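Student: My structure is below; once you've seen it, I'll send some questions.
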Amino acid sequence: MSKTSSMGRGMMAILVLGARHGAGLPGGTAAGVAADLGRDRSQVSRSLRSGEQEAFLRRTAERTYALDWSIMTDAQQLTARRLHTDGTVALEQLARETDEGCFLGVLHGASTLTIGESVPASSNLVGSWLGRPYPAYCSDAGQAVLWESPEAEVRTVFAGVDFVRHGPNTPADVDDFLGRLAAARVRGYSVVDEEAEPGLYSLAVPVRDFKGDVAAALQIVGTKARLEPRRTQCAAALVEQGRWLEARLGYQPSEGGRD
Numbered sequence: 001m002s003k004t005s006s007m008g009r010g011m012m013a014i015l016v017l018g019a020r021h022g023a024g025l026p027g028g029t030a031a032g033v034a035a036d037l038g039r040d041r042s043q044v045s046r047s048l049r050s051g052e053q054e055a056f057l058r059r060t061a062e063r064t065y066a067l068d069w070s071i072m073t074d075a076q077q078l079t080a081r082r083l084h085t086d087g088t089v090a091l092e093q094l095a096r097e098t099d100e101g102c103f104l105g106v107l108h109g110a111s112t113l114t115i116g117e118s119v120p121a122s123s124n125l126v127g128s129w130l131g132r133p134y135p136a137y138c139s140d141a142g143q144a145v146l147w148e149s150p151e152a153e154v155r156t157v158f159a160g161v162d163f164v165r166h167g168p169n170t171p172a173d174v175d176d177f178l179g180r181l182a183a184a185r186v187r188g189y190s191v192v193d194e195e196a197e198p199g200l201y202s203l204a205v206p207v208r209d210f211k212g213d214v215a216a217a218l219q220i221v222g223t224k225a226r227l228e229p230r231r232t233q234c235a236a237a238l239v240e241q242g243r244w245l246e247a248r249l250g251y252q253p254s255e256g257g258r259d
């Protein structure tokens, strides 16, 4: 008698269908999935029917089973809601700990867009950045939102973009940006030092979702004179809040450390 639970058998059947999808196949019959698993057809058929009832699977016109992507859509919508609600909690906590302006940004084309902020009156930052885009190659969130992107993808994002100088340390070109991104990955957070404008200094970390994709960047932004001397302390608080927010979005680091 197999010691695998009914839930475990159901998940194995779903994983087989996922592997078939990854291989470009349309789905599978109960007999085909049973053959892949080396299990009894009637047992696998029950697992597949349960998967259909729970909306993990759907029946096709050919009477095969395939993944039901509506559950992924629901998960993504939940992630978007949590990014705003739990993101606000993370921003407010981070602002209290650092007494600096804190922001949440996402990638939008070749720009980053602020979707959340918490700005203490004492931070010396004026105005709101909500809904305002800024070039990703020099923005506070730019390196963090492209954290997991391979070099080819980064080059595609910036294809045709003129690297206009916004501050004394604005990256000169995409190779310069890639070099700074590589250094940030080693450090564990990005440092944007007078790249966006003179005197402005920021730290940022990527925030990953349940798929392991970067959903946003969590940032601390302030004047260089105030923030740079406190970089280590503020970075520790930033990393802690970033990990908390990732956990709320369902991200699970791989075994042996963070991805």
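Numbers 1 to 259, taken from this note's numbering, label the letters of the sequence shown in order. Every residue gets a Cβ at the ideal spot worked out from N, C-alpha and C, and that includes glycine. Bear in mind that the values here come from a model prediction, so they are computed numbers and not experimental data.
1) Run through DSSP, which three-state label would residue 39 get?
2) Under DSSP, the alpha helix (DSSP H) around residue 59 begins and ends at which residues?
3) In the structure shown, what three-state DSSP assignment does residue 192 receive?
4) Measuring only the C-alpha atoms, how far is residue 90 from residue 58?
5) Identify, in the order they occur along the chain, each residue of the same chain with its Cβ nearer than 6 Å to the Cβ of residue 95, setting aside the five sequence neighbours on each side.
6) For the alpha helix (DSSP H) holding residue 241, just list the boundary residues, first then last.
7) Spell out the partners DSSP gives residue 226 in its beta bridges.
8) If residue 137 sits next to residue 161, beta carbons under 8 Å apart, how far is it from one beta carbon to the other, in whole angstroms?
9) Nearest to residue 246 by alpha carbon, out of 141, 181, 206 and 236?
10) At which residues does the alpha helix (DSSP H) containing residue 177 begin and terminate?
11) Which residue comes first and which comes last in the alpha helix (DSSP H) that contains residue 151?
12) Along the chain, where does the beta strand (DSSP E) containing residue 145 start, and where does it finish?
13) Quick check: what's the CA-CA separation for residue 163 versus residue 148?
14) Do the CB positions of residue 27 and residue 66 come within less than 8 Å of each other?
15) Going by C-alpha to C-alpha distance, which of 229, 218 and 182 sits closest to residue 93?
16) Along the chain, where does the beta strand (DSSP E) that runs through residue 128 open and close?
17) Got a sec, what are the start and stop residues for the beta strand (DSSP E) residue 111 sits in?
18) CB residue 200 to CB residue 191, shorter than 8 Å?
19) Considering residue 208, what are the terminal residues of the beta strand (DSSP E) in which it resides?
20) Find out if the Cβ-Cβ distance for the pair residue 105, residue 145 is shorter than 8 Å.
21) If we ignore side chains and look at the alpha-carbon of each, how far apart do residue 220 and residue 125 end up?
22) Check residue 105 in the structure and name its three-state DSSP category.
23) Rounding to the nearest angstrom, what Cα-Cα distance links residue 223 and residue 159 in this structure?
24) Out of curiosity, what's the CA-to-CA distance linking residue 175 and residue 142?
25) What residues match up with residue 218 in a beta bridge as DSSP calls it?
26) Could you check whether residue 99 and residue 123 sit closer than 8 Å to each other, using their CB atoms as the reference points?
27) Using DSSP bridges, identify the partner residues of residue 134.
Tutor: Inspection of the coordinates gives the following:
1) What you label residue 39 is simply residue 39 of the sequence shown in a count that begins at 1. In the structure shown, the three-state DSSP call for residue 39 is coil.
2) Here residue 59 refers to the residue found at position 59 of the sequence shown. Taken as a continuous stretch (DSSP letters only), residue 59 belongs to no alpha helix (DSSP H), being part of the beta strand (DSSP E) at 57-59.
3) Taking the sequence shown and counting its residues from 1, one reaches residue 192 at position 192. Three-state DSSP puts residue 192 in a strand.
4) If you number the sequence shown from 1, residue 90 lands on position 90. If you number the sequence shown from 1, residue 58 lands on position 58. For the pair residue 90 and residue 58, the Cα-to-Cα distance works out to about 38 Å.
5) Counting from one through the sequence shown, the residue named residue 95 turns up at place 95. Correct list, in chain order: 102, 118 and 120.
6) Within the sequence shown, residue 241 is the residue found at index 241, counting from 1. Its alpha helix (DSSP H) spans residues 231-248.
7) Translated into positions along the sequence shown, residue 226 becomes position 226. According to DSSP, residue pairing for residue 226 in a beta bridge does not occur.
8) Indexing the sequence shown from 1 puts residue 137 at position 137. Indexing the sequence shown from 1 puts residue 161 at position 161. Contact annotation, residue 137 with residue 161: C-beta distance approximately 7 Å; criterion of less than 8 Å satisfied.
9) Position 246 of the sequence shown, counting from 1, holds the residue named residue 246. Selected option, being the one with the closest Cα: 206.
10) Position 177 of the sequence shown, counting from 1, holds the residue named residue 177. 174-187 is the span of the alpha helix (DSSP H), which, as asked, contains residue 177.
11) Stepping through the sequence shown from its first residue, residue 151 is reached at position 151. Residue 151 -> alpha helix (DSSP H) spans 151-157.
12) Here residue 145 refers to the residue found at position 145 when the sequence shown is read from its first residue. Taken as a continuous stretch (DSSP letters only), residue 145 belongs to no beta strand (DSSP E), being part of the alpha helix (DSSP H) at 142-145.
13) Reading the sequence shown from its first residue, position 163 is the one you call residue 163. Reading the sequence shown from its first residue, position 148 is the one you call residue 148. Annotation: residue 163 to residue 148 spans about 22 Å, alpha carbon to alpha carbon.
14) As a first step, residue 27 is located in the sequence shown; it is residue number 27 there, counting from the start. As a first step, residue 66 is located in the sequence shown; it is residue number 66 there, counting from the start. The answer is yes: Cβ separation under 8 Å.
15) In the sequence shown, the residue the question calls residue 93 occupies position 93. Between residue 93 and the set 229, 218 and 182, the nearest pair of CA atoms involves 218.
16) For this step, residue 128 is matched to residue 128 along the sequence shown. No beta strand (DSSP E) contains residue 128, which DSSP labels as neither H nor E.
17) One-based indexing of the sequence shown puts residue 111 at position 111. Start and end: 111-118.
18) The sequence position of residue 200 within the sequence shown is 200, counting from 1. The sequence position of residue 191 within the sequence shown is 191, counting from 1. Contact: no.
19) Numbered from 1 along the sequence shown, position 208 holds the residue referred to as residue 208. Run containing residue 208: 200-208, per the beta strand (DSSP E) assignment.
20) In the sequence shown, the residue the question calls residue 105 occupies position 105. In the sequence shown, the residue the question calls residue 145 occupies position 145. Going by C-beta atoms, residue 105 is nearer than 8 Å to residue 145.
21) The residue labelled residue 220 in the question sits at position 220 within the sequence shown. The residue labelled residue 125 in the question sits at position 125 within the sequence shown. One C-alpha to the other measures close to 11 Å.
22) The residue given as residue 105 occupies position 105 in the sequence shown. It is a strand residue.
23) In the sequence shown, residue 223 corresponds to position 223, counting from 1. In the sequence shown, residue 159 corresponds to position 159, counting from 1. Rounded to the nearest angstrom, the two C-alpha atoms are 31 Å apart.
24) Start at 1 with the first residue of the sequence shown, and residue 175 comes out as number 175. Start at 1 with the first residue of the sequence shown, and residue 142 comes out as number 142. Here the alpha carbons of residue 142 and residue 175 stand approximately 14 Å from one another.
25) Taking the first residue of the sequence shown as position 1, residue 218 is located at position 218. Paired residues: 104 and 205.
26) Within the sequence shown, residue 123 is the residue found at index 123, counting from 1. Within the sequence shown, residue 99 is the residue found at index 99, counting from 1. Yes; because the gap between Cβ atoms is below 8 Å, this pair is in contact.
27) Along the sequence shown, one-based indexing puts residue 134 at 134. Per DSSP, 112.
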